[in-house]
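Taken in order, these protein sequences are the chains called A and B. According to the numbering used here, the residues represented by the first sequence are 1 to 336, in order. According to the numbering used here, the residues represented by the second sequence are 1 to 322, in order. Worksheet for the structure shown next.
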Amino acid sequence: MSEAASPGRVQARRHSINLHVLGPILALVLLVALGAWLNPNFLSYGNVTNVLARSAFIGIIAVGMTFVITAGGIDLSVGAMAAFVAGTMILAMNALVPVMGVGVPLVLAGMAVALLTGFAAGVVNGALIAKVRIEAFIVTLGSMGIYRSLVTWLADGGTLSLDSAARTLYRPVYYDGLFGVAWPIIVFALVAIIGEVLMRRTAFGRHCAALGASEQVARYSAVNVDRVRMATFVLLGVLVGIATIMYVPRLGSASGSTGVLWELEAIAAVIIGGTVLKGGFGRVWGTVVGVLILSLIGNILNLASIVSPYLNGAIQGVIVILAVVLQRDSKATSRR
Amino acid sequence: MKRRTFLSAIAASTMLAGAAVIMPATAQEDESYTIGVAIPSATHGFMGGLNWHAQDTIARLGRTYPNIEFVLSTAGDASTMVNDIEDMVATRDIDALVVLPFESEPLTAPVQSVAEQDIWVTVVDRGLSEEGIEDLYVAGDNTGFGRVAGEYFAEALGEGDKIVVLRGIPTTLDNERVEAFQAAIEGSGIEVLDMQHGNWSRDDAFNVMQDYLSRFPEIDAVWAADDDMAIGALEAIAQAGRQDEMWVVGGAGMKEVIQRMMDGDPQLPVNVTYPPAQISTAIELTALGLVSSSPVSGRFIIASQRITPENAENFYFPDSPF
């Protein structure tokens with residue numbers, strides 16, 4: 001009986017696993033086709049560059065979020081953290097202008113400040129979660145509020161603006177690129193490739209998955225659980241720093257409303273991409289697809305304006321849920 | 001819920017006790033007062049400016065009237081604001097409340113109960129959803145804000161010229177502005193290509209403007225309806241290298257924008273006021289009403305004015321964060 005049944009079962013599993021993998025890509029292809037059909041400019045060089053470049057901030061952060069979620073954690077503070085890092089970076093650069101003058105060293109110093117601030121923020125989150133053993137949800141909910149009010153306080157309730165000469169010098173980091181590909185896109189691609197290799201080919205990636213699947217088992221298998229957990233939050237903090245380095249030259253400013261809801265967009269992208277919210281399985285390339293799906297929806301709605309703009313959020317919500325439902329169905333069949 | 005009944009019990013008893021003490025004393029010269037000020041927290045440029053003006057006014061009035069004490073609270077959402085107001089009534093025994101309701105509906109009943117305790121109520125900017133609660137209403141002119149901008153578009157543009165609009169966060173206030181704008185350009189032959197929500201945010205406005213630019217090969221002007229959005233839109237236009245094709249009208253007089261107008265930026269021909277300093281007007285009138293016999297009850301609507309490069313200096317507040 002089992003002999004008769006198993007080939008069919010294996011067949012079904014293989015088939016559905018393919019669907020599971022293809023789900024997000026299929027959704028992306030459908031969205032691109034829809035966009036191209038609705039507006040001839042959708043596939044123009046300018047529009048594609050715009051969408052990819054503006055996806056880069058959330059994208060870079062979401063790659064880090066993939067590791068955190070795979071290891072069974074969550075980080076709600078990344079949006080507020082990005083705003084805080086941007087504010088600190090702008091203040092530091094403005095303060096350094098009289099000392100260093102406006103030149104490449106100033107920009108490099110600003111970047112270093114952003115990376116260090118992101119790193120420090122990641123260490124604080126990670127230490128509270130891994131060493132003090134407070135729930136990740138609670139720690140990052142707390143730090144979200146802290147960073148958000150810190151940046152509002154730093155900006156005195158208004159907007160922090162980069163010194164205009166420094167701004168002119170720094171601006172190309174967002175707007176220029178190599179061989180016609182904008183810098184944010186290049187950086188995003190590099191981060192994604194490194195993330196994918198880290199997740200698939202290194203012990204660290206396997207340890208994240210093991211930790212997310214079962215902390216006990218991971219501990220018994222001689223995985224240094226605390227260090228891995230800490231590392232995921234530090235990695236995410238550094239990536240928030242990198243995302244901010246790309247973000248600041250765009251508008252040259254930061255305020256209390258910078259990065260609002262980025263954390264939820266990043267988490268949504270990770271989940272759409274097929275990473276399991278409860279941890280144990282992560283897919284970096286899926287996250288990249290998820291980020292692209294999210295920003296394409298917004299872009300297409302702006303390009304087409306077929307429905308009332310009041311409903312744009314609803315349409316985005318429906319597509320996000322559909323993308324995940326598609327995957328869950330195929331996964332349920334594969335488990336059966 | 002227990003806390004609320006507890007607080008209102010305290011409030012009621014303090015009010016009874018307070019009333020007994022205050023009543024006979026009102027005629028005295030050295031009467032002291034407490035004014036509570038409840039405003040939304042500074043999460044957006046305009047509110048940042050409003051917070052700054054509120055603090056500035058309180059500091060100045062504190063020196064002018066040593067017998068008036070001020071309690072300032074800022075809230076990030078409607079329910080926190082209600083808690084703050086309840087605490088002010090219960091623990092600080094305020095004589096007057098100046099409130100900029102976070103949202104009209106949820107604040108109406110709590111402010112009404114404050115008014116019923118014979119506390120002077122001044123409502124700023126966003127009205128309550130029931131009429132006749134407040135003693136004084138101070139606000140900017142939302143209809144005027146849209147109309148003044150629309151009138152400039154109708155003057156400066158002609159038949160067949162194309163514009164795009166960046167709207168704010170979906171609210172009745174945004175609707176009022178947009179409807180007045182549309183009414184003002186009616187009959188001018190200006191074609192509105194599209195309206196999308198930029199949510200009064202630089203980042204959102206930047207994205208929406210980028211999409212407008214790749215969608216429409218010809219745009220003559222942009223109504224950004226807020227200076228934060230205007231800055232995002234200008235950046236997207238600069239990226240596309242189309243600065244010479246179109247100008248942008250923002251609103252509310254952010255200092256960076258006023259600065260650029262004073263420098264004669266051709267992309268920013270005019271601006272429309274919607275002063276964050278209206279909170280100062282409200283606090284000053286309330287204080288005046290308490291300490292003097294000047295009648296201050298009623299409605300005080302601050303007109304939306306057109307700012308041009310010529311008069312921009314009058315609207316420049318370099319110390320304000322906005």
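Yeah, the Cβ is synthetic: ideal placement off N, Cα and C, and Gly gets one too. Note that the structure is predicted; figures quoted are calculated from it, not measured.
What are the residues that DSSP puts in a beta bridge with residue i?
i                      : result
residue 162 of chain A : Beta-bridge pairing links residue 162 of chain A to no other residue.
residue 300 of chain B : B/138
residue 271 of chain B : B/307
residue 164 of chain B : B/194, B/222
residue 36 of chain B  : B/71, B/97
residue 122 of chain B : B/98, B/136
residue 255 of chain A : A/159
Quick one: what does DSSP say residue i is sitting in, helix, strand or coil?
i                      : result
residue 228 of chain B : helix
residue 249 of chain B : strand
residue 57 of chain B  : helix
residue 143 of chain B : helix
residue 71 of chain A  : coil
residue 5 of chain A   : Per-residue confidence for residue 5 of chain A stands at a pLDDT of 44, beneath the threshold of 50, marking its modelled position as unreliable; no derived number is given.
residue 24 of chain B  : Unreliable placement is indicated for residue 24 of chain B, whose pLDDT of 43 sits below 50; no coordinate value is reported for it.
residue 186 of chain B : coil
residue 104 of chain B : helix
residue 293 of chain A : helix
residue 277 of chain B : coil
residue 278 of chain A : coil
residue 200 of chain B : coil
residue 76 of chain A  : coil
residue 94 of chain A  : helix
residue 323 of chain A : helix
residue 240 of chain B : coil
residue 172 of chain B : helix
residue 202 of chain A : coil
residue 157 of chain B : coil
residue 299 of chain A : helix
residue 53 of chain A  : helix
residue 273 of chain A : coil
residue 24 of chain A  : helix
Please determine, among the options, the residue with the shortest C-alpha to C-alpha distance to residue i.
i                      : options                    : result
residue 100 of chain B : B/50, B/116, B/118         : B/50
residue 93 of chain B  : B/108, B/114, B/77         : B/114
residue 160 of chain A : A/325, A/252, A/312        : A/252
residue 321 of chain B : B/37, B/45, B/32           : B/45
residue 126 of chain A : A/227, A/261, A/275, A/302 : A/227
residue 130 of chain B : B/106, B/120, B/163, B/278 : B/106
residue 245 of chain B : B/108, B/135, B/121, B/217 : B/217
residue 182 of chain A : A/94, A/109, A/50          : A/50
residue 69 of chain A  : A/197, A/263, A/325        : A/263
residue 110 of chain A : A/131, A/54, A/145, A/170  : A/170
residue 324 of chain A : A/231, A/311, A/286        : A/286
residue 194 of chain B : B/159, B/178, B/165, B/141 : B/165
residue 81 of chain B  : B/219, B/59, B/39          : B/39
residue 228 of chain B : B/74, B/150, B/168, B/282  : B/168
residue 162 of chain B : B/273, B/188, B/172        : B/188
residue 303 of chain B : B/237, B/198, B/146        : B/146
residue 40 of chain A  : A/315, A/322, A/300, A/312 : A/300
residue 279 of chain A : A/225, A/295, A/213, A/248 : A/213
residue 251 of chain B : B/122, B/72, B/32, B/142   : B/142
Does the ligand FAD have even one heavy atom less than 7 Å from the beta-carbon of residue i?
i                      : result
residue 235 of chain B : Judged by which ligands are present, the structure shown has none, so any question about the ligand FAD falls away.
Check distances from the C-beta atoms of the stretch 61–77 of chain B to those of chain A and list, in chain order, the residues that come in under 8 Å. Flagged: no residues at all.
Any C-beta of chain B within less than 7 Å: which residues of the stretch 138–160 of chain A qualify? Residues passing the 7 Å Cβ filter: 152, 155, 156, 157, 158, 159.
Beta carbons nearer than 7 Å to chain B: which residues of the stretch 22–50 of chain A have them? 39, 41, 44, 46, 47, 50
Could you list the residues in the stretch 303–321 of chain B with a C-beta less than 8 Å from some C-beta on chain A, going in chain order? 320, 321
Under 8 Å (Cβ pairs) to chain B, residues found in the stretch 298–318 of chain A: 298, 299, 302, 303, 305, 309, 310, 312
To be precise: take each residue of the stretch 140–171 of chain B, compare its Cβ to all Cβ atoms of chain A, and keep it if any distance is under 9 Å. Which residues remain? 167, 170
Please go through the stretch 121–190 of chain A and give each complete alpha helix (DSSP H) segment of 4 or more residues, from N-terminal end onward. 136–154, 164–170, 172–175
Which residues, taken in chain order from the stretch 39–53 of chain B, show a beta carbon closer than 9 Å to some beta carbon of chain A? 41, 42, 43, 44, 45, 47, 48, 49, 50, 51, 52
Only counting runs of 3 or more residues, tell me where the beta strand (DSSP E) segments fall wholly within the stretch 205–257 of chain A, in order along the chain. 253–255
Quick one, which residues of the stretch 213–224 of chain B are near chain A if we go by CB-CB under 7 Å, in chain order? 214, 215
Mind checking the stretch 248–272 of chain A against chain B and listing, in chain order, the residues whose C-beta falls within less than 9 Å of any C-beta there? 250, 251, 252, 253, 255, 256, 257, 258, 259, 260
Residues in the stretch 166–190 of chain A having any Cβ partner in chain B nearer than 7 Å: 175
The stretch 52–64 of chain A: positions lying closer than 7 Å to chain B by Cβ: 54
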